[in-house]
Amino acid sequence: MQYRRCGNSGLLLPELSLGLWHNFGHVDQFDNGKQILHTAFDKGITHFDLANNYGPPPGSAEENFGKIMKKSFAPYRDEMIISTKAGYLMWPGPYGEWGSKKYLVASLDQSLKRMGLEYVDIFYSHRPDPNTPLEETMGALDLIVRQGKALYVGISSYSAEDTKKAVEILKDFGTPCLIHQPRYNMMDRWVEGGLLEVLEDEGVGCIPFSPLEQGILTSKYLKGIPEDSRAAKSTGFLQLDQVTAEKVSKAQKLNAIAEDRGQSLAQMAVAWLLKDERVTSVLVGVSSEKQLLDNLGALENKTFSISELEAIEAILNDTNA
Numbered sequence: 056m057q058y059r060r061c062g063n064s065g066l067l068l069p070e071l072s073l074g075l076w077h078n079f080g081h082v083d084q085f086d087n088g089k090q091i092l093h094t095a096f097d098k099g100i101t102h103f104d105l106a107n108n109y110g111p112p113p114g115s116a117e118e119n120f121g122k123i124m125k126k127s128f129a130p131y132r133d134e135m136i137i138s139t140k141a142g143y144l145m146w147p148g149p150y151g152e153w154g155s156k157k158y159l160v161a162s163l164d165q166s167l168k169r170m171g172l173e174y175v176d177i178f179y180s181h182r183p184d185p186n187t188p189l190e191e192t193m194g195a196l197d198l199i200v201r202q203g204k205a206l207y208v209g210i211s212s213y214s215a216e217d218t219k220k221a222v223e224i225l226k227d228f229g230t231p232c233l234i235h236q237p238r239y240n241m242m243d244r245w246v247e248g249g250l251l252e253v254l255e256d257e258g259v260g261c262i263p264f265s266p267l268e269q270g271i272l273t274s275k276y277l278k279g280i281p282e283d284s285r286a287a288k289s290t291g292f293l294q295l296d297q298v299t300a301e302k303v304s305k306a307q308k309l310n311a312i313a314e315d316r317g318q319s320l321a322q323m324a325v326a327w328l329l330k331d332e333r334v335t336s337v338l339v340g341v342s343s344e345k346q347l348l349d350n351l352g353a354l355e356n357k358t359f360s361i362s363e364l365e366a367i368e369a370i371l372n373d374t375n376a
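Here the working numbering runs 55 ahead of the position in the sequence shown, where the first position is 1.
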């Protein structure tokens, strides 16, 4: 495993990090999740990314991670980077979501209890709140670091403009913004419209989530929708209508390039993100040890020729695909 410096900080993150958004909740097989975590750590993945609402049900990914942490990883806590987030709905009433200081502090306290931890390494504001002043949300992140409940803070899914403001506010507080977690993959490239430049200018790390477009950038949907796929699950975040003919057609053409490179489509999609030095780490989500090992294979070939990049761009920009 190779490690990249996170922005202007002293923190190094593995090129692949493991996200627990899916497949680690109470609806999933506990032993399967444990096996994935064990293999990830053995392969040099030191960063595990959670959020208060991961499951389903919400909170259950943190609870399961806490059990595995206690049994398997307790002696290795100082070799691990553990992150969590708050922003989406977690409990009823006016204080259970968004970006108020009340919610963020209470949510992190609950997360630490579920995971059995004294602190997390990174705590994120999971989404911008249009109704709470940015100063309050960033002030809560600063408070959490000063309380010793998180070592670093970050933001997720903030626009380029809001990111710049958030970074400045945190700088004034004396608690730098370590990292931004945006949705970014070959088929969703909104971050290229200014956000990556802001992160580079401000010395903030970048860790994309959904690098495989919820599985579309894998070989899984090239010939239809398998019964065991995320799109076929009622509890999944990928709905059947999102697996469009256009996306499948593009995936099929991209798959041909991946095969020429000696990679699976998933491996190429991950490598494509890592070709950009502004990307610190890529957050992968997997449902099996086999999938994890396949994703790790991306690290064996991260370089692209100019002709490969041009061919990929032509496919992605083809409106008739």
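Glycine is no exception: its CB is placed at the ideal position from the N, C-alpha and C atoms. Quick caveat: nothing in here was measured; it's all calculated off a predicted structure.
Integer-rounded CB distance, given that residue j should sit under 8 angstroms from residue i
i	j	result
Ile199	Val253	That belief does not hold up - the Cβ atoms of Ile199 and Val253 are roughly 23 angstroms apart, past 8 angstroms.
Val325	Val339	7 angstroms
Leu189	Val208	Between Val208 and Leu189 the Cβ distance is about 13 angstroms, and since that is not below 8 angstroms, they are no contact.
Leu163	Ala141	6 angstroms
Ile136	Ile177	7 angstroms
Leu206	Tyr179	About 13 angstroms separates the two Cβ atoms, so there is no contact after all.
Tyr109	Trp76	5 angstroms
Gln116	Leu347	A small correction: the amino acid at residue 116 is Ala; Gln does not occupy that position in the sequence shown. Actually they are not in contact, since the Cβ atoms of Ala116 and Leu347 sit about 16 angstroms apart, beyond 8 angstroms.
Leu250	Lys204	In fact, because the Cβ distance is near 27 angstroms, the residues do not count as touching under 8 angstroms.
Where residue i sits in the DSSP three-state scheme
i	result
Pro147	coil
Pro130	helix
Val325	helix
Ala353	helix
Val259	coil
Val200	helix
Thr139	strand
Gly80	coil
Val298	coil
Boundaries (first-last residue) of the alpha helix (DSSP H) holding residue i
i	result
Gln57	Neither: Gln57 is in no alpha helix (DSSP H) and is coded neither H nor E.
Phe85	85–97
Val222	215–228
Ser362	361–371
Residue interval of the beta strand (DSSP E) (run including residue i)
i	result
Asp176	175–180
Ser319	Premise fails: Ser319 is in no beta strand (DSSP E) and is neither H nor E.
Ser342	Note, Ser342: premise wrong, no beta strand (DSSP E); not H, not E.
Asp104	102–104
Gln165	Taken as a continuous stretch (DSSP letters only), Gln165 belongs to no beta strand (DSSP E), being part of the alpha helix (DSSP H) at 156–170.
Leu67	67–69
Gly209	205–211
Residue i: CB within 7 angstroms of a non-hydrogen atom of the ligand MN
i	result
Asp349	By its list of ligands, the structure shown contains no ligand whatsoever, and the ligand MN lies outside what it can speak to.
Worksheet entry | the segment 361–368 / the segment 104–113 touching (three or more Cβ pairs under 8 angstroms) | no
Worksheet item: Taking one C-beta from the segment 238–250 and one from the segment 262–277 each time, how about it: are there three or more such pairs within less than 8 angstroms?
Response: yes
Item to complete: Mind the definition here: the segment 352–361 touches the segment 86–95 only if three or more C-beta pairs lie below 8 angstroms; say whether that holds.
Response: no
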